[in-house]
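K.L.:
Just so you know, we're using this note's numbering here: the sequence shown kicks off at 101 and counts up by one.
For glycine and all other residues, C-beta sits at the position ideal for the given N, C-alpha and C.
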Amino acid sequence: MQIGYYQFNPEFGAKDANLGKIIKAIGVIDCDLLVCPELCTTGYQFDSHSEVESLSESIPDGPTCRTLMQTARETGKGIICGIAEKDGSHYYNSAIFAGPEGYIGRYRKIHLFDEETLWFQSGNERLRVYSFQGALVGIMICFDWIFPEAARSLALLGAEVICHPANLILPYCQDAMITRAVENRVYIVTANRWGAEERGNRSRLQFT
Ligand code: ACM
């Protein structure tokens, strides 16, 4: 299996434009599975609950997931992509896993970083692995990296590959993931966004 990653600079709130970039990327990147960054259809730095409400969608029935599933079907490729999820009155920093046959699964980020706790609930579902084209694939999201138990739990579940959508702010993860891969004997694909966000009166975030 060949895994690709697409790192880009999502524009906050511009879901259609961001999704358009992802669809274009999956069309041209030579891979069986494409990993995209965390919250990459919405942008990262929310400034109000109303923004979270208006930009979050249900998984797998929301329009973003439906578009990603259709893209996976049309291209014959898998895609793992970070989106803001709405489930009733709860909001999660999630990733969807779609494949050519449709919806495969989702992961709700367990270890929220800093102001994410203002907007999202911690993931309330277990880490899981999914069988995809002969490999066992696990998902974790960004700050999960700092807790060795996240990657370890996926490895103990049999993960051979960990896909890791990210919006990295601290500078250590890029090195730490090499250790996570070695200590767990897994391949890891971290797809990080780039650029910066500075919204409302909030501190500027420079993604590493
Ligand atoms: C992070 O978890 N996005 C730093």
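1. Hey, is Ala114 close to the ligand ACM, as in C-beta under 7 Å from one of its heavy atoms?
2. Does DSSP put Val286 in a helix, in a strand, or in coil?
3. Roughly how many angstroms separate the alpha carbons of Glu153 and Gly113, rounded to a whole number?
4. If I measure Cβ to Cβ from Glu225 and keep anything under 7 Å in the same chain, skipping five residues before and after, which residues do I get?
5. Determine the DSSP secondary structure at Arg302, reduced to helix, strand or coil.
6. Just confirm the distance between the C-beta atoms of Leu155 and Lys115, as a whole number of angstroms; I'd bet it's less than 8 Å.
7. Just verifying my parser: in three-state terms, what is the DSSP assignment at His149?
8. Measuring from each Cβ to the nearest heavy atom of the ligand ACM, keep the ones under 5 Å and list them in chain order.
9. Excluding five sequence neighbours on each side, which residues of the same chain lie with their C-beta closer than 6 Å to the C-beta of Thr164?
10. Need the endpoints of the beta strand (DSSP E) that Glu216 sits in, please.
11. With H, G and I counted as helix, E and B as strand and the rest as coil, what does DSSP make of Ser222?
12. Enumerated in chain order, which unbroken segments of the alpha helix (DSSP H) with a length of 4 residues or greater are wholly contained in the stretch 109 to 157?
13. Expressed to the nearest angstrom, what Euclidean distance is found between the alpha-carbon atoms of Gln170 and Asp275?
14. Does the contact criterion of 3 or more C-beta pairs under 8 Å hold for the stretch 190 to 207 versus the stretch 246 to 259?
15. For Ile262 and Ile239, what's the separation of their Cα atoms in angstroms?
16. What does the Cβ neighbour count give for Glu174, buried or exposed, with the cut at 16 atoms within 10 Å?
17. Since Ser189 sits in a beta bridge, which residues does DSSP pair it with?
18. Return the chain-ordered list of same chain residues with a C-beta closer than 8 Å to the C-beta of Arg285, the five sequence neighbours on each side being excluded.
19. Reducing DSSP to helix, strand and coil, say where Ile241 ends up.
P.N.:
Concretely, from the data shown:
1. If you number the sequence shown from 1, residue 114 lands on position 14. Ala114: no, Cβ never under 7 Å from the ligand ACM.
2. Start at 1 with the first residue of the sequence shown, and residue 286 comes out as number 186. Correct three-state label for Val286: coil.
3. As a working note, residue 153 is residue 53 in the sequence shown. As a working note, residue 113 is residue 13 in the sequence shown. The alpha-carbon atoms of Glu153 and Gly113 are separated by roughly 12 Å.
4. Position 125 of the sequence shown, counting from 1, holds the residue named residue 225. Only Arg208 meet the Cβ criterion.
5. As a working mapping, residue 302 is identified with position 202 in the sequence shown. If DSSP states are grouped into helix, strand and coil, Arg302 belongs with coil.
6. Walking along the sequence shown from the start, residue 155 turns up at place 55. Walking along the sequence shown from the start, residue 115 turns up at place 15. The Cβ separation is near 7 Å, so the contact holds.
7. Residue numbering aside, residue 149 sits at position 49 when the sequence shown is read from its first letter. Residue state, collapsed to three classes: helix.
8. Phe213, Cys242, Phe243, Asn267 and Ile269
9. Counting from 1 along the sequence shown, the entry for residue 164 is found at position 64. Excluding positions up to five away in sequence, the list reads Thr141, Glu157 and Ile183.
10. One-based indexing of the sequence shown puts residue 216 at position 116. No beta strand (DSSP E) contains Glu216, which is instead part of the alpha helix (DSSP H) from Glu216 to Trp219.
11. Numbered from 1 along the sequence shown, position 122 holds the residue referred to as residue 222. Looking at Ser222 - three-state DSSP - the assignment turns out to be coil, as it is neither helix nor strand.
12. 115 to 128 and 149 to 155
13. Here residue 170 refers to the residue found at position 70 of the sequence shown. Here residue 275 refers to the residue found at position 175 of the sequence shown. The alpha-carbon atoms of Gln170 and Asp275 are separated by roughly 35 Å.
14. no
15. Here residue 262 is taken as the residue at index 162 of the sequence shown, counted from 1. Here residue 239 is taken as the residue at index 139 of the sequence shown, counted from 1. Computed Cα separation, rounded: 6 Å.
16. As a working mapping, residue 174 is identified with position 74 in the sequence shown. It is exposed - the Cβ of Glu174 has fewer than 16 other Cβ atoms within 10 Å.
17. Within the sequence shown, the letter at position 89 stands for residue 189. The partner list for Ser189 (beta bridge, DSSP) is empty, contrary to what the question assumes.
18. Start at 1 with the first residue of the sequence shown, and residue 285 comes out as number 185. Same-chain partners within the cutoff: Ala255.
19. By 1-based counting over the sequence shown, the position of residue 241 is 141. Of the three classes helix, strand and coil, the one that applies to Ile241 here is coil, per DSSP.
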